[in-house]
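To keep things clear, I will list the structure first and then write my remarks on it.
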Amino acid sequence: MHDMTRRNFCDEAAARERCLRFRKRILDISQQVQALHIGSAYSCTEIVDCIYYGLMRRKPDGTSPDTFLMSKGHGCMIQYVVLEERGVLSREDLDLYCKPNGRLGCHPDYGNPGIEASTGSLGHGLSMAVGMALAERGRRTDGIIYTVLSDGEVQEGSTWEAVMMASSFGCSNLVAFVDNNDFQSLGRTSETHPSFYPLVDKFTAFGWETVEVDGHDSLAVFEAVTSRRGGRPFMVVAKTTKGKGVSYMENVPIWHYRSPSPKEYAQAAAELEKAAS
Amino acid sequence: MRNTFSEALYKAATANPDVYIVVADISPAGSMGKFRDQYPERFINVGVAEQSMIGICAGLALKGCQPFAYTIATFTLYRPFEMVRDDLCYQNLPVTVVGMGAGVIYSTLGGTHHTQEDIAIAGALPNMQIIAPCDPAECTEATLYCAQQRKGPIYLRLGKAGEPNFTDKAAVDPWQFGKLRYIKRGADVCILSYGIIMQKAMQLAEKFEAQGKSVSVVSCHTLKPLDIAGIEAALHRHKHVIVIEEHAPQGGLASRTKQVAWDTRAQCRLDTFTLQDAFIHNYGSHDELLAAHGLELGAIAARVGAGAAP
């Protein structure tokens, strides 16, 4: 088991406040561009927030021995706004999102501050995370690698290669989340590919320690990870709602990518405020 | 050549604790066994999972390591192509993708095991560098280079076993990444080649020399970035230039040399010999497969006017 002593606490109220702020910031940015994967970002808001604010350890200089790799690259809007709040990315960076003179696009690009790997094509992240975990082990450093996969990404054969590698190589310093919102472009995965489920059993069968939690319950996510037995890679199957927080976005596939109109924006902003109050 | 590679890699790994090898279920030839026994944490066997092999190499490199991905060329480059492109080239990571047994060396295993278009494919990728040593001695130099360079990904195209050495004793030039290497320097004819088909280039040179001609033989081991100035000089300093390569006609040394010849208004005679733009469905030895596509010494010699036996 890794040293947990330097880990932050999970303050539920603070997490709720941050997540509201992040969703609102993403909503604001949505008005600058035609599309930004808003539903995908809202789906994993609490997970990514918990990784950065609850799970990753911080040294006094603000750096972390741990690594976060956003395997579901299309969800990176939440990563960007978290990195902005942490001062890693600037407000100008976010203002220039997807603009010709900016450096942030719809998928994370390695080389940008706080971005540990380029993703966007699905099924790449978990193998890279395994490589990072092996490097930490080879160097006798104790960094933990955190990664978030989309559930659609778990259909990629390459993801299953990596699932097999992580447990076969005993990567106990790898913690992965599946953002299991059950939605893909063509509908509910449970309807289009029912054999996809049960997910927990599959990861467990491959030798991972696995739990299923409510992916919008920050404390549950935090406690699931911090109470893991260890010795094996850890998988959190996080049950989530695509577009979480905005009624007309929730579980409606078009909001995978679309930006709201000004009228839709106003409704979304009001709903987010109301839910938080 | 694979044993030479293994020995060089073992040396590099002994000197540098960040050197890793990630293999996809390939038998540990030569010193690879020594590597596995002495540095088990840095010898990673993914099994038959080449996409993960490349992804793991990328993850290691993102943490500052110097990994090599290693299996038969079709399976290091073709099978995980998108991982090579996105994880290695797009992120520009110093990972060496080793294509063992490239070309049609696996002659009896059929087209699934042939890499006839790998230079074109790897060469199309931004940031990718390509090295194809012509003999075991060059393989050592190339491997040691790959183990310490930090510029970006490299496709290292290797032969298999039993290749003769041409460059270990009498080569005119030393091996230098990105530069043509004259093994022999002459005035009349220049033969440009790379990889283990260099054997035919050397034999062809002997035939010309028997006719009293002065022949250059050049190892174009670095296919990307190609030494354009070196190719230009070869085209302009010889009356007759011949390219011999074990690769499809498009995207390899032959087409690049023709491009340089046109761009620089070269006046020499230029003959190129390549594999054809066709799969090979017949079997036999490596030489017999090359001959099926016209890469046979007698046929080449006849075409270029070196037909008389030495």
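Going down the list, the sequences are from chains Y and W.
Count along the first sequence from 1, then add 19; that gives the number in my numbering.
Count along the second sequence from 1, then add 29; that gives the number in my numbering.
Using N, Cα and C, we set each Cβ at its ideal position, and we do this for glycine too.
Contact with chain W is absent for Y:GLY58, since none of that chain's Cβ atoms lies less than 9 Å from the residue's Cβ. Rounded to whole angstroms, the gap between the alpha carbons of W:ASN74 and W:TYR49 is 11 Å. Across the set Y:THR211, Y:VAL194 and Y:LEU218, the C-alpha of Y:VAL194 shows the shortest separation from the C-alpha of Y:PHE253. Under the criterion of beta carbons closer than 8 Å, Y:ALA148 and Y:LEU88 qualify as touching, at roughly 5 Å. Per DSSP, the continuous alpha helix (DSSP H) segment holding Y:TYR284 begins and ends at 281-295. Chain-order list of chain Y residues neighbouring W:LEU89: GLY150, LEU153 and ALA154, by C-beta distance under 7 Å.
Spanning the alpha carbons of Y:ARG35 and Y:GLN51 requires a straight line of approximately 25 Å. No residue range can be given for Y:SER191, since it is assigned to no beta strand (DSSP E) and is classified by DSSP as neither H nor E. Listed along chain W, the residues sitting closer than 7 Å to Y:HIS143 by beta-carbon distance are GLY84, MET112, ASP115 and ASP116. With a threshold of 9 Å between beta carbons, W:ILE73 makes contact with chain Y.
Its chain contains LEU304 and GLN305 as the residues whose beta carbon lies nearer than 6 Å to that of W:HIS322, once the 5 sequence neighbours on both sides are disregarded; these appear in chain order.
Annotation for W:HIS142: ILE101, THR103 and TYR135 place their beta carbon closer than 7 Å to its own, counting only its chain and skipping 5 residues before and after.
Looking at the backbone, the Cα of Y:TYR61 and that of Y:SER278 are separated by about 13 Å. Apart from the 5 residues on each side of it in sequence, Y:SER204 sits with its Cβ closer than 7 Å to the Cβ of PRO272 and HIS275 in its chain, given in chain order.
When rounded, the separation of the alpha-carbon atoms in Y:THR245 and Y:PHE196 is 14 Å.
Residues of chain W whose Cβ lies closer than 7 Å to the Cβ of Y:MET147 are, in chain order, GLY84, ALA87, GLY88, LEU91 and ASP116. Boundaries cannot be given for W:TYR107, as no alpha helix (DSSP H) includes it and DSSP labels it neither H nor E. Judged by DSSP in its simplified three-state form, W:LYS253 adopts strand.
Under the DSSP assignment, W:ARG210 falls in the beta strand (DSSP E) whose first and last residues are 210-213. Rounded to the nearest whole angstrom, the C-alpha separation of Y:LYS91 and W:VAL272 is 46 Å.
Chain W places a beta carbon closer than 9 Å to that of Y:TYR129, counting this residue as a contact.
Residue contact check for Y:SER204 against chain W: no CB pair falls below 9 Å. Of Y:TYR72, Y:ALA287 and Y:PHE188, the smallest CA-CA separation from Y:ARG105 is found for Y:TYR72. Residues SER278 of the same chain have their beta carbon placed closer than 7 Å to that of Y:GLN53, with the five preceding and five following residues left out of the count. With its beta carbon less than 9 Å from one in chain W, Y:MET184 belongs to the interface. Residues of chain Y whose Cβ lies closer than 9 Å to the Cβ of W:ALA44 do not exist; the shortest such Cβ separation is about 16 Å.
When Cβ-Cβ separations below 9 Å define contact, Y:ARG158 makes contact with chain W.
Within chain W, no C-beta atom comes nearer than 9 Å to that of Y:SER296; the closest sits roughly 42 Å away. Per the DSSP secondary-structure output, W:THR125 pairs in a beta bridge with W:PHE97 and W:ILE183. Y:ASN120 is classed as exposed because its beta carbon has fewer than 16 other beta carbons within 10 Å across all chains shown. Spatial neighbours of W:ILE160 in its own chain (CB-CB distance under 8 Å, excluding positions within 5 residues in sequence) are listed in chain order as ALA171, TYR174, CYS175, ILE183, TYR184, LEU185, ARG186, PHE206, HIS250, THR251 and LEU252.
Contact annotation: W:ILE226 and W:LEU319 have beta-carbon atoms nearer than 9 Å.
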